Structure formats: C-alpha cells, structure tokens
Amino acid sequence: MSKRPTMQDVADIAGVSLSTVDRILNRRTNVRSSTLQHVLETAERIGFYGSPVIRDRLSEQAPSCTFGFLLNPIQRTLYREFAERLVQRTLDASCVQGTPKVLHIERLSEEMMINGLYRLAEYCQVIAAVVFDTPAIHAALRDLTSQGCAVIAMFTDVTSPECIAFVGADPTKMGRGAGWIMHALSPDHGQVLVLSGSPQYSAHRAYIAGFHSYMSEAPHSRRISPVQYTAENDSQAESLVRAAIAQQQVTGIVMVGGGLEGVIRAVQESVTPLTVIGTESSQSIDRALVAHEVDAVISHPLAEVVEHTVSLMEDFILSGRRGERKNCFVKAEIRISEIV
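For the sequence shown, position 113 matches number 1096 in the numbering used here, and the numbering has no gaps at all.
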C-alpha cells in the first residue's frame, strides 16, 4: 500500500465498520476482545499509525489471570530455558493480562507432581504441566476439573479426558526418526543402549516403541538392549553408560528424555566412537553437537510449544469453557553439528 493507511483502510481490510474502528481508537464503548485482536492484527499488517492505540485498548480490556506452569527440576538446563520462555510469552500476551507462576518439582515423583498441581491450582485458572500419565495423575485432574481449573499437557500426553489439550511433537515419529539415524550412522554390529527418563511418561513409551518398530523393519546385526531408566537424572544416566561401556560392546546410545548431559560425560572417556542420539536441546547440548560428542538431537521445538501452549491458555480464559480437547502436534526439530 503506497499511501498512508487510513481508518477506512483498516475497516475495509478487517471487514468491520468504520464506526467500530472509530470506537476502538477513541475509547467510546467496549468492543469484544476478539474484534480488537483482529483489528489490531490488520492495522499492524498494513502499517496503520494508530496500531499502538489499538494495542493499548486491547490491554485495557484484557481479563486478568494467572497461568501456572509445572515443570521438571530446575537443575535441568532444558527446563530453566523453557520456564524463561513461558514466563516471557505470558507477560507479552495481549489478549489477557497474564501473570505467570512457575513451579519446578524437586525430583521426578508422581507425588510431587500431584502436590505441584494442587499448589498451582490455588492461584491459577489454567495450568500447563509436564507430568506422568498414571491413574493417580488422572484422579488429580478430575478433582482439579471439578474445582474449575484446567490442565494442558506439554511434551508428553496425559490420556485423561480431563486434560483439555496436548502440545508437543509426535513421539512415535520421533522414535522412528531416531531409528533411521541410528541405522544410518552406527556400525552394523555391537549393542545399542536404550535409556529412558521414566516408563510413566507416555511420550517415552511411544518414542521407544517407534524406535523399536523402525529397527525391527530395517535389516541389521545390532543388538538392542532392554530399556534402562535414568529418572531424568544426568548422574544416573552417566553411571548406566559407564557400566554398559565397561561390560559390553556398545556402539550406539539412544537417550529418551533427561540424562543426555550425563551420557555426554560418560562417552567423552570412551575409546571407541559411539553414535549418540538424544531428545533434549539446550545450549550445552549444542556445544556437544559441535564437538561431535552427540550425533543428533530430535526434540520438541521450544518456541512453537511455548506459543501454542500460552495461546491455548488464553483461549480458555477468554472462552470460559473447555470445548473439545485440542491436540497441537508440532514438527519435531532435528539438530546436528552442521546446523547449530
């Protein structure tokens, strides 16, 4: 648009009346938040001079709310970075006046997850959480639902009808992708060590099933080890890898969930090169990729997970109802040394 956009241009392109745009700019009467948001997006897209005024008007009418985020221990680099992004996106929200409240569990425990959900529910109308998929968690969600608090699952799904949404990559596809990479990069002999954070995460179970399904279809002579669990703990992962390297001919390692930094410490002392595949990305793991201590990371794209999650939380506050369950599958992010 060559000329300076006018109020009439905004109205025409947004499909609203000129009087609606005038009411927004001059604060004459209330306008629905959805209309305000639509007009703002149009105004910003065409470079309308009054966009800041419309944004302020949207903020003025936005309802106040508190968003809860239940995450794994803060010692994990991934979850520190994830928390920072969730907090910033909540503070930047224009549809609501959001206050973020982040709670990191101290250790991987069903009891701590349940206690964390209840603690957040004291302040929050909606909670986004990384939790187990177990009967006790399902029971807690039923209770929270009866209290009017909604829960969204991130990274790993919770197969409870009370969970209003899931945001993350498809774990089965991630597992099959790991199988493809392992088959392509590792020697066709020896043992592939399979580690998982916890069998109580539905995503970990599906990831491992996907990995096994690909490896069973591809011709090879490798031995796939039974799954061993790290409790999402780097030290535990390091111990398991060191023991396996000392006792067996390990040629590849798949780390599903937390523990990759511990795996890296163990393989740094291995005489034999190992093919290492993980599922978590962070700045420290990027450095390991560059150093060829990790071959590939297949992970959830944090930026997209954050955007979808907070948007769903906003929708819940604005709509005031649950509606149908929403599954927001995002494309997995594949990181190798050449692109980080």
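Glycine included, every Cβ here is placed at the ideal spot set by N, Cα and C. Small disclaimer: the values here were computed from a predicted structure and weren't measured.
Relative to the C-alpha of C1048, which candidate in E1321, L1301, I1319 and A1315 has its C-alpha closest? Taking the sequence shown and counting its residues from 1, the one referred to as residue 1048 is at position 65. Across the set E1321, L1301, I1319 and A1315, the C-alpha of L1301 shows the shortest separation from the C-alpha of C1048.
Can you look up F1138 in the DSSP assignment and give me helix, strand or coil? One-based indexing of the sequence shown puts residue 1138 at position 155. In the three-state reduction of the DSSP assignment, F1138 falls in the coil class, being assigned neither a helical nor a strand state.
If you compare alpha carbons, which of S1169, S1185, H1166 and V1177 is closest to S1143? On the sequence shown, residue 1143 is found 160 positions in, with the first residue counted as 1. Considering only alpha carbons, the answer is S1185.
P1118, enclosing alpha helix (DSSP H) - first and last residue: Taking the sequence shown and counting its residues from 1, the one referred to as residue 1118 is at position 135. Going by DSSP, P1118 is part of the alpha helix (DSSP H) stretching over P1118 to S1129.
Please report the Cβ distance between G1193 and K1156, rounded to the nearest whole angstrom; I am assuming they are in contact, meaning their Cβ atoms lie under 8 angstroms. Here the question's residue 1193 lines up with position 210 in the sequence shown. Here the question's residue 1156 lines up with position 173 in the sequence shown. At roughly 7 angstroms, the Cβ-Cβ gap stays under 8 angstroms, so G1193 and K1156 are in contact.
Check this for me: beta carbons of V1210 and V1254, under 8 angstroms apart or not? As a first step, residue 1210 must be located in the sequence shown, where it is residue number 227. As a first step, residue 1254 must be located in the sequence shown, where it is residue number 271. With a cutoff of 8 angstroms on beta-carbon distance, V1210 and V1254 are scored as not near each other.
My understanding is that E962 touches C1078, with C-beta atoms under 8 angstroms, so please give their C-beta distance in whole angstroms. Here the chain has residues from 984 to 1323 only, and residue 962 is not among them.
Below 8 angstroms on the Cβ atoms is my guess for E1215 versus G1242; work out the distance and round it to an integer in Å. Walking along the sequence shown from the start, residue 1215 turns up at place 232. Walking along the sequence shown from the start, residue 1242 turns up at place 259. About 7 angstroms separates the two Cβ atoms, so the contact holds.
From F1299 to V1141, what distance separates their C-alpha atoms? Within the sequence shown, the letter at position 316 stands for residue 1299. Within the sequence shown, the letter at position 158 stands for residue 1141. A straight line joining the alpha-carbon of F1299 with that of V1141 spans about 18 angstroms.
Using the three-state DSSP reduction, which class does Y1212 fall into: helix, strand or coil? Numbered from 1 along the sequence shown, position 229 holds the residue referred to as residue 1212. Strand at Y1212.
Is the stretch 1081-1093 in contact with the stretch 1051-1061, if contact means three or more CB pairs nearer than 8 angstroms? Between the stretch 1081-1093 and the stretch 1051-1061, the count of Cβ pairs shorter than 8 angstroms is three or higher; the stretches touch.
I need the straight-line Cα distance from M990 to V999, nearest angstrom please. Stepping through the sequence shown from its first residue, residue 990 is reached at position 7. Stepping through the sequence shown from its first residue, residue 999 is reached at position 16. Rounded to the nearest whole angstrom, the CA to CA distance from M990 to V999 is 11 angstroms.
Helix, strand or coil for H1087, going by three-state DSSP, please let me know. The residue you call residue 1087 lines up with position 104 of the sequence shown. When DSSP states are grouped into helix, strand and coil, H1087 belongs to the strand group.
CA-to-CA distance, I1236 to A1167, given in whole angstroms: As a working mapping, residue 1167 is identified with position 184 in the sequence shown. As a working mapping, residue 1236 is identified with position 253 in the sequence shown. So the two alpha carbons sit approximately 14 angstroms from each other.
Judging by CA-CA distance, which residue of R1248, G1160, V1022 and A1229 is the nearest neighbour of S1196? Taking the first residue of the sequence shown as 1, we reach residue 1196 at position 213. If we check each option's Cα against that of S1196, G1160 comes out closest.
Can you pull the DSSP bridge partners for C1048? Reading the sequence shown from its first residue, position 65 is the one you call residue 1048. BP columns for C1048 point to G1081.
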